[in-house]
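Per the working numbering: the sequence shown = residues 793 to 1261.
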Amino acid sequence: MAIKLGTIYGIPLYLDYSWFIILALIVFEVAFLIMPYEYPGLSTGLYLLLGVLSAFLLFASIVVHELAHSIIAKRNGLKIGRITLYLLGGVSEMSEEPPNPSLELRMSAAGPLTSLAIAGVSYVGWLASLSVKAPVIIRGPLEYTALFNVIVAAFNLIPAFPMDGGRVLRSIIWRSSGDMIKSTKISATVGRIFAYVMMVGGVLLTFLVPSYLFDGIWLVLIGWFISSSAQGEYRQVQILRDVADLKARDMMSKTVDRVSEEITLTELSSQFLQYKHKGFPVMRGDELIGCVTMQDLRAVKKELWDTTRVLDIMAPKEKLATVKESDPAKQVLAAIGSRQIGRIFVLSDDMSGRLVGIITRTDVMRTIQMQESFLKNAPPPGPAGLERNIPVEVGMLFQIIAPEYGGINWSPSFNPGEFSLVSEQIVQIAPDKQAKQFTLQALKKGTFYINLNQPGDKKSSLTYTILVN
Ligand SMILES: [Zn+2]
């Protein structure tokens, strides 16, 4: 839902359709409310022209504000996906979080400082235009631009994460605590408090002061936006922490349906019918050389399908999103989040270009879910009641090795009529790790439970479900 306007400093610039709403509002406000008040007695046409000119300068100011963020990020090696202008201003989409607090501070402060600088320049220009008695068409927009940029700077400096001021706040807490997750949580909470205050204030304004109806609704909208993005940003940081130890190979699907570069489009169309995929990796032997989608196929006339090969219509490998199998999960998330990419191809770590797997958005979601439930249930510190099923027979001796965490402090408990403890010993499970092994005997048929406990630590209790036949 956005139009690409062009590329500045290698960063694509997009205009979201919602921006036209704010454009219309600003033209209206400037042309019929602000300018007639400041410069009475002009023609409607001139007021409209003033409105359009001011809106254009506002547009340019916001682009420069976003560029300031993006350029500092880029110079420090962070990737910027794109800059998008939308209903509430602009946003620079970063595909990764800044690696350290001082970079985040410089990056986030750059925007509001740039807005202040634009305000200063416009103000000086306005003073100059006054002294040379320049026409209203120059004075008016300059005055508005100066005023507007002060508002933009001030508004962005509200310490409500993820706005610029909130990022400044996070970088300061982050620098002093050294804990990025914690500082994100604190600044996201501050952001939400601000957001709620804005929303409540907006509702009160709407009902109590009818002439401020419009401003009230605006406040509610901005508050709602801040609260939902604060939540989203915090979630994002949480996910990054949870997948910190994973690699691309942990997220990928290993079985990948693929097509050879040599097959014709007729054969390709039957592959699409058979597998119901939207696209296939194109292979030369084991090597990935491109990707072909249903759209690529549809773009070719049917008469040509028998004589055209996949090689002729595929998107070449250079245009695909690829990662190596040992690349960190973080990189996969950044790639899939920043661009509108449906799938990432995973290549082997050697330089052979061998395709080892594929990661789709579904794979990413599933990995995050599994990882989070794993981390939640991982003992310790975790909830008690982990179940292990060990099938045994009456009279049989069987062994339980206590988990290595907690060392050798484990001891078993069970109903005396169900099992007897034959022996316990310390075993070496790794060169530097010891664990406790219990040998037990099952005494009767049934499903019974053995608890392993650590003295004084009720949390680290494991329940083994033993099925005795
Ligand atoms: Zn900004």
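Backbone N, C-alpha and C fix where the C-beta goes; we use that ideal spot for every residue, glycine too.
The structure presented is a predicted model; accordingly, all values stated were derived computationally and were not measured.
DSSP on residue i, reduced to helix/strand/coil?
i, result
"residue 1187", "coil"
"residue 1085", "strand"
"residue 1193", "strand"
"residue 1050", "coil"
"residue 1156", "helix"
"residue 1238", "strand"
"residue 1175", "With a pLDDT of 33 at residue 1175, under the threshold of 50, the modelled position of this residue cannot be trusted; read the value that follows with caution. Three-state result, residue 1175: coil."
"residue 953", "coil"
"residue 799", "strand"
"residue 828", "helix"
"residue 833", "coil"
"residue 1118", "coil"
"residue 1225", "strand"
"residue 1092", "coil"
"residue 1065", "helix"
"residue 889", "coil"
Got a sec, what are the start and stop residues for the beta strand (DSSP E) residue i sits in?
i, result
"residue 1323", "A question about residue 1323 goes unanswered here, because the residues of the chain that appear run from 793 up to 1261."
"residue 874", "872-878"
"residue 915", "Counting along the chain, residue 915 falls outside any beta strand (DSSP E), though it belongs to the alpha helix (DSSP H) covering 893-923."
"residue 956", "It is not in any beta strand (DSSP E) - residue 956 instead sits in the alpha helix (DSSP H) that spans 956-969."
"residue 1221", "1211-1222"
"residue 1205", "1203-1205"
"residue 1056", "Note, residue 1056: premise wrong, no beta strand (DSSP E); not H, not E."
"residue 1111", "No beta strand (DSSP E) contains residue 1111, which DSSP labels as neither H nor E."
Using the DSSP secondary-structure output, state which residues sit across from residue i in a beta bridge.
i, result
"residue 1146", "1079"
"residue 1038", "Residue 1038 is not bridged to any residue."
"residue 884", "875"
"residue 1243", "1205, 1255"
"residue 1099", "DSSP output for residue 1099 lists no bridge partner at all."
"residue 808", "794"
"residue 1151", "1136"
"residue 1071", "1085"
"residue 1232", "1190, 1213"
"residue 1124", "Its beta-bridge partners do not exist; DSSP assigns none."
"residue 1021", "Note: residue 1021 sits in no beta bridge, so no partner."
"residue 1045", "1150"
"residue 1260", "1184, 1238"
Does the Cβ-Cβ distance between residue i and residue j come in under 8 Å?
i, j, result
"residue 879", "residue 810", "yes"
"residue 1046", "residue 1118", "no"
"residue 862", "residue 944", "no"
"residue 1160", "residue 1136", "no"
"residue 1205", "residue 1243", "yes"
"residue 1097", "residue 1057", "yes"
"residue 1074", "residue 1083", "yes"
"residue 998", "residue 983", "no"
"residue 900", "residue 937", "no"
"residue 939", "residue 904", "no"
"residue 947", "residue 1022", "no"
"residue 781", "residue 875", "Residue 781 lies beyond the range of the chain shown here (793 to 1261); nothing can be said about it."
"residue 1211", "residue 1233", "yes"
"residue 808", "residue 794", "yes"
"residue 907", "residue 941", "yes"
"residue 972", "residue 916", "no"
"residue 1043", "residue 1011", "no"
Please report the residue range of the alpha helix (DSSP H) in which residue i lies.
i, result
"residue 946", "928-948"
"residue 847", "836-867"
"residue 1137", "That residue, residue 1137, is in no alpha helix (DSSP H); its beta strand (DSSP E) goes 1135-1139."
**Request:** For ligand 1, list every residue whose C-beta falls under 6 Å from any of its heavy atoms, going in chain order.
**Result:** 857, 861, 903, 948, 956
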